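What follows is a set of notes on a single structure, which appears directly below.
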Amino acid sequence: MDFKVGVIAGDGIGPEVTAEAWKVLEKVGSTFGHNFIRTDILMGGCSIDKYGEPLTQEAIDAAKAQDAVLMGSIGGNTSTSPWYKLPPEKRPEAGLLGIRKALNLFANLRPAYLYPQLAQACPLREEVAKKGFDMLIMRELTGGLYFGARHTEEVDGLMTATDTLVYNENEIRRIAIRAFDVAMKRRKKVTSVDKANVLDSSRLWRKITEEVAKDYPEVTLEHMLVDNAAMQLVADPTQFDVILTENMFGDILSDEASMITGSIGMLSSASLNESSFGLYEPSGGSAPDIAGKGIANPIATILSAAMMLRYSFNLDKEADAVEKAVEKALVDGIRTGDIMPREGDLSGITKVGTSGMGDAIADRIG
Ligand code: IPM
Ligand code: MG
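What the sequence shown shows, in our numbering, is residues 225 to 590, in sequence order.
Below is the structure:
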């Protein structure tokens with residue numbers, strides 16, 4: 225079959241990691257008889273350099289015309305890059321927030337799984353790491369603090385900045401339904417994370433989540449305050465199956481979850497709308513400090529491409545093949561620098577760069 229794939233390579237390590245994911249997709253295509261038709265789309269800093277803005281209407285239209293979009297990363301060094309001298313709405317991140325909103329990508333799925341082979345790269349205590357974990361963070365992606373009205377003004381002679389955290393019940397309901405649906409296919413537990421002891425938006429979040437839970441009698445719902453959740457993630461990550469949370473809490477907790485998988489270079493993500501369309505991107509950033517060096521870990525992007533096969537193209541067998549190939553490469557001791565064992569015996573371990581990892585995974589498909 226033919227599938228139209230938009231590719232937003234973006235900035236920093238983005239072009240390097242998307243090149244490896246594309247290599248893997250081409251291998252999937254030749255092995256299983258599919259044709260992935262690539263359209264490159266500019267977004268982020270590279271779009272600023274060319275058009276003076278991080279996301280053009282042409283880019284949005286081009287993305288909408290695809291079956292799915294694969295993304296690398298956008299942005300640069302916030303202290304040194306000239307992109308950060310621009311007004312906030314002209315910076316690279318505004319492009320990413322803009323495309324999420326324009327395409328209504330409200331459901332962000334971030335699976336965090338500790339491969340047994342990476343237990344040594346996990347910063348948690350050995351007795352915690354050896355129990356392993358397999359969770360999925362369902363982050364609301366188009367509401368809350370990142371999209372509420374904001375402004376900075378002088379009030380009584382003092383510079384004063386305001387951000388607003390707004391959720392309506394429909395926005396909460398649709399993401400909660402996504403969380404319960406995916407929990408039904410997993411271990412049937414949803415931990416809804418909020419700050420209901422302080423925030424009104426969290427109290428509404430709890431109420432609506434409880435209403436949705438009534439339609440899923442097999443799923444256990446628990447509520448957890450976000451500060452406690454941050455602690456539980458490192459104290460006992462095994463307890464989590466699906467974590468359902470609002471935009472900013474999900475942003476922060478997913479970085480924390482990625483760290484305990486061994487590296488942020490392992491965490492894939494899918495941002496979905498009501499239909500089968502999705503934007504697939506690693507959860508990590510553009511890592512400008514290592515950009516262009518050929519050492520970034522492409523696994524998160526490759527696993528994001530696997531999510532694209534599964535969620536947008538309904539190609540479960542092909543997605544399984546990619547995920548298995550990643551696992552085989554890890555079992556065979558192939559490691560980028562970020563997931564090297566922290567200490568101990570390095571026999572059987574081969575350190576590779578970005579393209580070495582892409583080759584190793586592509587070679588293990590089919
Ligand atoms: C992420 C990123 C983005 C976000 C930034 C770059 C706007 O941190 O995808 O987690 O906060 O959503
Ligand atoms: Mg983030």
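Ideal placement from N, C-alpha and C gives every residue a C-beta, glycine not left out. Small disclaimer: the values here were computed from a predicted structure and weren't measured.
Which residue wins for smallest C-alpha separation from residue 510, given the options 387, 297 and 396? Cα-wise, what sits closest to residue 510 is 297.
For ligand 1, enumerate in chain order all residues having a CB closer than 5 angstroms to any of its heavy atoms. Result (chain order): 317 and 475.
For residue 477 and residue 198, believed in contact at Cβ under 8 angstroms, the rounded distance: In the structure displayed, the chain extends from 225 to 590; residue 198 sits before or after that span and is not available.
Check whether the region 481-492 touches the region 422-431, counting contact only when three or more Cβ pairs, one atom from each stretch, lie closer than 8 angstroms. No: the two stretches stay apart, fewer than three of their Cβ pairs being nearer than 8 angstroms.
Give me whichever residues DSSP pairs with residue 337 in a beta bridge. Answer by DSSP bridge pairing, in chain order: 358.
I want to know whether the region 351-360 touches the region 456-469 - three or more CB-CB distances under 8 angstroms. With a cut-off of 8 angstroms, the region 456-469 and the region 351-360 count as touching, because enough Cβ pairs lie within range.
So, helix, strand or coil for residue 505, using DSSP? The three-state reading of DSSP puts residue 505 in coil, since its state is none of H, G, I, E or B.
Contiguous alpha helix (DSSP H) assignments of at least 4 residues, all confined to the region 349-399: Taking only runs of at least 4 residues, the alpha helix (DSSP H) segments lying wholly in the region 349-399 are 350-353.
I'd like the list of long-range same chain contacts for residue 523, defined as Cβ closer than 7 angstroms, with 5 residues on each side in sequence excluded. Cβ within range, chain order: 489, 490, 550 and 581.
Determine the closest residue to residue 575 out of 520, 527 and 588, with distance taken between C-alpha atoms. When each option's Cα is compared against that of residue 575, the closest is 520.
With the cut-off set at 7 angstroms, would you say residue 391 and residue 367 are in Cβ contact? In this structure, residue 367 lies closer than 7 angstroms to residue 391 by Cβ.
Please list, in chain order, all residues of the same chain as residue 278 whose beta carbon is under 6 angstroms from its beta carbon, the five residues on each side excluded. Cβ neighbours of residue 278 beyond the five flanking positions: 268, 271, 272, 316, 318 and 319.
How many Å lie between residue 559 and residue 324 at the Cα? Distance between the alpha carbons of residue 559 and residue 324: 32 angstroms.
Residue 228 by DSSP, collapsed to three states: which one? Residue 228: strand per DSSP, three-state reduction.
Residue 300: first and last residue of the uninterrupted beta strand (DSSP E) it sits in: Segment: none, residue 300 is in no beta strand (DSSP E) and carries neither H nor E.
Residue from 351, 543, 413 and 234 with nearest C-alpha to residue 200: Residue 200 is absent from the model: the chain starts at 225 and stops at 590.
Under 8 angstroms: do the region 322-338 and the region 497-512 share three or more Cβ pairs, one atom per stretch? In this structure the region 322-338 touches the region 497-512; the number of beta carbon pairs closer than 8 angstroms is three or more.
Integer Cβ distance of residue 552 from residue 588, believed to fall under 8 angstroms: Under the criterion of beta carbons closer than 8 angstroms, residue 552 and residue 588 qualify as touching, at roughly 4 angstroms.
Between 343, 304 and 431, which lies nearest to residue 513 when the distance is taken from Cα to Cα? That would be 304, whose Cα lies nearest to the Cα of residue 513.
Alpha-carbon to alpha-carbon, residue 364 and residue 313: Taking the straight line joining both Cα atoms gives about 21 angstroms.
Would you kindly check if the distance between the Cβ of residue 492 and the Cβ of residue 528 is under 7 angstroms? In contact: residue 528 and residue 492 (Cβ atoms closer than 7 angstroms).
Helix, strand or coil for residue 446 per DSSP? If DSSP states are grouped into helix, strand and coil, residue 446 belongs with the strands.
Pull up the distance between the alpha-carbon of residue 262 and that of residue 231, whole angstroms please. So the two alpha carbons sit approximately 7 angstroms from each other.
Same chain only: Cβ atoms within 7 angstroms of residue 562, ignoring 5 sequence neighbours per side: Around residue 562: 487, 489 and 521.
For residue 256, the three-state DSSP class (helix, strand or coil): Under the three-state reduction of DSSP output, residue 256 falls in the helix class.
Since residue 416 is in the beta strand (DSSP E), which residue starts that stretch and which ends it? Where residue 416 is concerned, the enclosing beta strand (DSSP E) stretches over 413-418.
Kindly give me the distance between the Cβ atoms of residue 408 and residue 442, rounded to whole angstroms, as I take these residues to be in contact under 8 angstroms. 7 angstroms between Cβ atoms; contact.
Measuring alpha carbon to alpha carbon, tell me which of 280, 300 and 301 ends up nearest residue 326. Of 280, 300 and 301, the residue nearest in Cα terms is 280.
Within a Cβ cutoff of 6 angstroms, which residues of the same chain sit near residue 557, ignoring the five residues on either side of it in sequence? In the same chain as residue 557, and ignoring 5 residues on each side of it, the C-beta atoms closer than 6 angstroms to its own belong to 572, 573 and 574, in chain order.
Check each candidate in 345, 233 and 248 and name the one with the smallest Cα separation from residue 294. When each option's Cα is compared against that of residue 294, the closest is 233.
What number of angstroms, rounded off, separates the C-alpha of residue 403 from the C-alpha of residue 470? If you take the alpha carbons of residue 403 and residue 470, they lie about 12 angstroms apart.
Going straight from the alpha carbon of residue 276 to that of residue 287, what length do you get? The straight-line gap from Cα to Cα measures roughly 19 angstroms.
By alpha-carbon positions, which one of 503, 419 and 254 ends up nearest to residue 292? The option with the nearest alpha carbon to residue 292 is 503.
Span of the alpha helix (DSSP H) holding residue 528? Where residue 528 is concerned, the enclosing alpha helix (DSSP H) stretches over 523-535.
With a CB to CB cut of under 6 angstroms and the five nearest residues on each side skipped, what residues in its chain are close to residue 416? These residues qualify, in order along the chain: 433, 447 and 468.
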